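Trainee: Let me give you the structure first, and then I'll get to my questions.
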Amino acid sequence: MNINKLSDKEMQYAVTGGAQNFREALAKKQSRFMGINIDPNTEIVVTCGSTEAMMVAMMSVCNPGDKVIVFSPFYENYTADAILSGAEPIFVSLRPPSLDFNVLELEAAFK
């Protein structure tokens with residue numbers, strides 16, 4: 125590909141929700157894989173990386189006042205995503221070196 129021959133449109137970032145041809149390809153593949161018809165304009169979500177994907181997922185499934193279990197240590201955005209979704213993060217420690225957790229601590233987090 126000769127970069128000097130690309131148009132201005134080809135040099136721009138894709139729209140935030142994903143380029144139309146990309147969403148159509150995803151819908152076609154997933155429709156075939158899942159055996160259902162998927163609309164690329166209303167049933168496909170494209171995000172700008174995993175941080176945005178996590179926020180979309182949290183805002184999709186969390187209601188204000190929900191509790192979200194966060195295993196600690198954790199990725200810094202897990203707490204913020206829970207709070208921004210209206211949920212309350214509940215921390216459960218992972219214990220080194222095997223990073224296992226105390227079952228009683230986990231059970232207490234659900235109460």
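Mapping to the numbering used here: the sequence shown position 25 is 149, numbers consecutive.
C-beta: ideal position from N, C-alpha, C; glycine also.
Please read these numbers as outputs of a predicted model, since none were measured by experiment.
Does DSSP classify S217 as helix, strand or coil?
Mentor: strand
Trainee: With DSSP as the reference, label E229 as helix, strand or coil.
Mentor: Helix, per DSSP.
Trainee: State the Cα-Cα distance for the pair V170 and A151, rounded to the nearest angstrom.
Mentor: 11 Å
Trainee: Comparing alpha-carbon positions, which option in C186, R147, D163 and P197 lies nearest P221?
Mentor: P197
Trainee: In this structure, how does DSSP classify S196 when only helix, strand and coil are distinguished?
Mentor: strand
Trainee: Would V194 and I214 qualify as a contact pair, given that the criterion is a beta-carbon distance under 9 Å?
Mentor: Cβ distance < 9 Å, so V194 and I214 count as in contact.
Trainee: Do you know how far the Cα of G141 is from the Cα of K191?
Mentor: Taking C-alpha positions only, K191 is separated from G141 by approximately 29 Å.
Trainee: Along the chain, where does the alpha helix (DSSP H) that runs through K152 open and close?
Mentor: Q144 to M158
Trainee: Please go through the same chain and pick out, in chain order, the residues whose beta-carbon is closer than 8 Å to the beta-carbon of T175, but skip the five residues on each side of it.
Mentor: N201
Trainee: Roughly how many angstroms lie between the CA atoms of C186 and A204, to the nearest whole one?
Mentor: 13 Å
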